[in-house]
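In this text, residue positions in the sequence shown follow our numbering: the first is 2, and each later residue adds one. From the three backbone atoms N, C-alpha and C, an ideal C-beta is built for every residue, glycine too. Just so you know, these numbers come straight off a predicted model, no measurement behind them. Just below is one structure, and these are the notes that go with it.
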Amino acid sequence: RLLGTLRSSQPVARFQRSCGLFPAAEERGGSGDPAEGPRERGACNGAGALRCPAGSGRAAPGPQDCTQKYIVKNYFYYYLFKFSAALGEEIFYITFLPFTYWNIDHSVSRRMIIVWSIVMYIGQVSKDILKWPRPLSPPVVKLEMRTNAEYGMPSTHAMAATAISFSFFIATMNQYKYPFELGLAAAFVFSTLVCLSRLYTGMHTVLDVIGGALISAVLLVLLYPAWDTIDHLLLTSPFCPLLSIVVPLVLCYNYPKLDYYSPTRGDTTTILGAAAGATVGFWLNNQYAASAYPSRGVQPGFPLTTSTAVFVLARFLTGISVVLLARWAMKSLVLGMLGYRYRFPMRDLAARRRLEVEVPYKFVTYSCVGFTATVIVPRLHELLGLM
Numbered sequence: 002r003l004l005g006t007l008r009s010s011q012p013v014a015r016f017q018r019s020c021g022l023f024p025a026a027e028e029r030g031g032s033g034d035p036a037e038g039p040r041e042r043g044a045c046n047g048a049g050a051l052r053c054p055a056g057s058g059r060a061a062p063g064p065q066d067c068t069q070k071y072i073v074k075n076y077f078y079y080y081l082f083k084f085s086a087a088l089g090e091e092i093f094y095i096t097f098l099p100f101t102y103w104n105i106d107h108s109v110s111r112r113m114i115i116v117w118s119i120v121m122y123i124g125q126v127s128k129d130i131l132k133w134p135r136p137l138s139p140p141v142v143k144l145e146m147r148t149n150a151e152y153g154m155p156s157t158h159a160m161a162a163t164a165i166s167f168s169f170f171i172a173t174m175n176q177y178k179y180p181f182e183l184g185l186a187a188a189f190v191f192s193t194l195v196c197l198s199r200l201y202t203g204m205h206t207v208l209d210v211i212g213g214a215l216i217s218a219v220l221l222v223l224l225y226p227a228w229d230t231i232d233h234l235l236l237t238s239p240f241c242p243l244l245s246i247v248v249p250l251v252l253c254y255n256y257p258k259l260d261y262y263s264p265t266r267g268d269t270t271t272i273l274g275a276a277a278g279a280t281v282g283f284w285l286n287n288q289y290a291a292s293a294y295p296s297r298g299v300q301p302g303f304p305l306t307t308s309t310a311v312f313v314l315a316r317f318l319t320g321i322s323v324v325l326l327a328r329w330a331m332k333s334l335v336l337g338m339l340g341y342r343y344r345f346p347m348r349d350l351a352a353r354r355r356l357e358v359e360v361p362y363k364f365v366t367y368s369c370v371g372f373t374a375t376v377i378v379p380r381l382h383e384l385l386g387l388m
């Protein structure tokens, strides 16, 4: 009974109402009790749904296109949870993970990237194997449409937030001087905010979120004893570059097949591609004794002076500009080549979703992103005197 309650939509709807988020229909005189469940209009149920609510303002059939009007009565929670939800999106990964590599510690960054890629692959594949639907709408208000085309269990936002925050905490607690309780609290608050944002945005049930956090925690416990061994092999094994490319590609091409298109395969390819490119970069830097960041960064003990802050900001702005430029250039180049090979225009979204196009396009693009962040940007920093 408890599992059934945690998997239902009503707790999600109640949480949204308690945070001041309401469907517009309720404000026009409809029942405000989310416990009433689905109305006669039907339900928008994420992946696997057959229809959207009548009168929901949808643009076209398909669960990812369900839209609904809503009323916000508490903008503090609205912006807090919208921001927290972004901490599980590409914009966070493409900024925070390189920032850690450029300004904090290479070993911390390596551990986070490896844990993140393993956790996210397991989470994405689990969604398409379990095929649990997302919360019903109504009674839940859906604030995101793209991820609504995916299945729900487990929440990969919850998995990624738990993995990144606690792997960062574990990797830095013995290298940097800060109170253990403070680091633990920061990791807990970060992961909790992201988890709650998935309820607020109506994307997951309570069980999805709890399941995602628990799976991530178990994987962290299992991976932690092997951290040093994995890190050593990634830096020294002559087979590392080959395996870093071949294994992720095999996993992407053999991703579980669905009856309709879902963004999960593309997202998984993006993550594995970025991790592959970064891993090859780690190996090359170690083999050729590339310069690290010995000074002017965030060092153990946190001697964060004005000069340090300037160098940290300069490194980040320079690096992220190059990374974004590399992503744009490689995306255009690869899509152009694939379009020529398979005879489709670059703006043809349906063609870009085909297996033979999506996997190489995203894998090559984001492998370039990972390689640029770990090899090209540090060389640029060295030329500019930012090491």
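Residues bridged to residue i (per DSSP)
| i | result |
| --- | --- |
| residue 71 | 24 |
Residue burial classification, residue i (beta-carbon count within 10 angstroms, cutoff 16)
| i | result |
| --- | --- |
| residue 139 | buried |
| residue 2 | exposed |
| residue 233 | exposed |
| residue 111 | buried |
| residue 136 | buried |
| residue 62 | Because residue 62 carries a pLDDT of 31, less than 50, the predicted location of this residue cannot be relied on, and the following value inherits that uncertainty. Exposed: under 16 other Cβ atoms inside 10 Å. |
| residue 386 | exposed |
| residue 182 | exposed |
| residue 17 | buried |
| residue 77 | exposed |
| residue 176 | exposed |
| residue 115 | buried |
| residue 19 | exposed |
| residue 322 | exposed |
| residue 337 | exposed |
Three-state class that DSSP yields for residue i in the structure shown
| i | result |
| --- | --- |
| residue 10 | coil |
| residue 211 | helix |
| residue 287 | helix |
| residue 105 | coil |
| residue 133 | coil |
| residue 179 | coil |
| residue 239 | coil |
| residue 341 | helix |
| residue 54 | Any reading at residue 54 must be qualified, since the residue scores a pLDDT of 35, below 50, and its modelled position is unreliable; the value itself is stated next. Coil. |
| residue 346 | coil |
| residue 263 | coil |
| residue 205 | coil |
| residue 91 | helix |
| residue 357 | helix |
| residue 151 | coil |
| residue 386 | coil |
| residue 144 | coil |
| residue 59 | With a pLDDT of only 32 at residue 59, under 50, the local geometry of the prediction cannot be trusted, and the value read off the model is given with reservation. DSSP places residue 59 in coil when its eight states are reduced to three. |
| residue 362 | helix |
| residue 368 | helix |
| residue 30 | Unreliable placement is indicated for residue 30, whose pLDDT of 47 sits below 50; the coordinate value is still reported in the next sentence. In this structure, residue 30 counts as coil in the three-state DSSP scheme. |
| residue 321 | helix |
| residue 39 | Low local confidence applies: a pLDDT of 38 at residue 39 is under 50, so the model's placement there is unreliable, with the coordinate-based value given in what follows. In the structure shown, residue 39 sits in coil (DSSP, three-state: anything other than H, G, I, E or B). |
| residue 249 | helix |
| residue 79 | helix |
| residue 258 | coil |
Given residue i as reference, the closest of the options once Cα atoms are compared
| i | options | result |
| --- | --- | --- |
| residue 324 | 378, 332 and 271 | 378 |
| residue 167 | 278, 18 and 221 | 221 |
| residue 14 | 123, 315 and 207 | 207 |
| residue 391 | 77, 121 and 386 | Residue 391 is absent from the structure shown; the chain starts at 2 and stops at 388. |
| residue 187 | 163, 201, 237 and 25 | 163 |
| residue 285 | 192, 235 and 93 | 235 |
| residue 245 | 258, 272 and 229 | 272 |
| residue 383 | 281, 365, 21 and 315 | 315 |
| residue 85 | 18, 198, 132 and 75 | 198 |
| residue 287 | 311, 239 and 326 | 239 |
| residue 101 | 143, 364 and 375 | 375 |
| residue 79 | 142, 123 and 119 | 142 |
| residue 312 | 105, 185 and 16 | 105 |
| residue 259 | 249, 125, 189 and 322 | 125 |
| residue 269 | 151, 200 and 179 | 151 |
| residue 25 | 7, 5 and 72 | 72 |
| residue 309 | 247, 326 and 388 | 388 |
| residue 155 | 145, 279, 204 and 173 | 204 |
| residue 334 | 321, 345 and 366 | 366 |
| residue 119 | 87, 157, 83 and 153 | 157 |
| residue 11 | 380, 351, 256 and 200 | 200 |
Residue i: CB within 7 Å of a non-hydrogen atom of the ligand GTP
| i | result |
| --- | --- |
| residue 186 | You won't find the ligand GTP in this model; it holds no ligand whatsoever. |
For residue j and residue i, believed in contact at Cβ under 8 Å, the rounded distance
| i | j | result |
| --- | --- | --- |
| residue 395 | residue 129 | Because residue 395 is not part of the residues shown, which for the chain are 2 to 388, the question remains open. |
| residue 371 | residue 214 | Between residue 214 and residue 371 the Cβ distance is about 26 Å, and since that is not below 8 Å, they are no contact. |
| residue 159 | residue 196 | 5 Å |
| residue 4 | residue 211 | Actually they are not in contact, since the Cβ atoms of residue 4 and residue 211 sit about 10 Å apart, beyond 8 Å. |
| residue 357 | residue 343 | 7 Å |
| residue 267 | residue 359 | 5 Å |
| residue 362 | residue 353 | 7 Å |
| residue 172 | residue 109 | 4 Å |
Chain B contact for residue i (CB, 8 Å cutoff)
| i | result |
| --- | --- |
| residue 133 | Of the protein chains in this structure there is only one, and it is not chain B. |
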